[in-house]
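When you line the sequence shown up against my numbering, it's residues 2 to 79, in that order.
Think of the CB as a built atom: it goes at the ideal place given N, C-alpha and C, for glycine as much as any other residue.
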Amino acid sequence: MIKKLKEEILLKDASIKKVQFDKYWFYDLKDVSDYLNEDLSEVEYIHLPFIVDEVKVNTKCATLEDIERVRTAREKAI
């Protein structure tokens, strides 16, 4: 059984870096992977900049829909 993700929870969670671009929220894949304790390497991503400790870092990010698409496909394959 996979852990359900809800956008409201991800938006409130300070441990997950996120940025809004246009109308969509993009989440740091490493942070979400740690949160779920799952491998998300199959998720299509884009690089977006985050400021971490006053240093600009380009990070792999994806929308919740992109993450859920891979997780759902993986669960169906099992």
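In the structure shown, T73 adopts helical secondary structure according to DSSP, grouped into three states. Counting along the chain, D32 sits inside the alpha helix (DSSP H) bounded by residues L30 to L37. Within the DSSP bridge table, the entry for Y46 names no partner. Under DSSP, T64 shares a beta bridge with no residue. A check of alpha carbon separations from E43 across K61, P50 and V53 identifies K61 as the nearest.
In the DSSP annotation of this structure, the continuous segment of the beta strand (DSSP E) that includes K19 starts and ends at K19 to F22.
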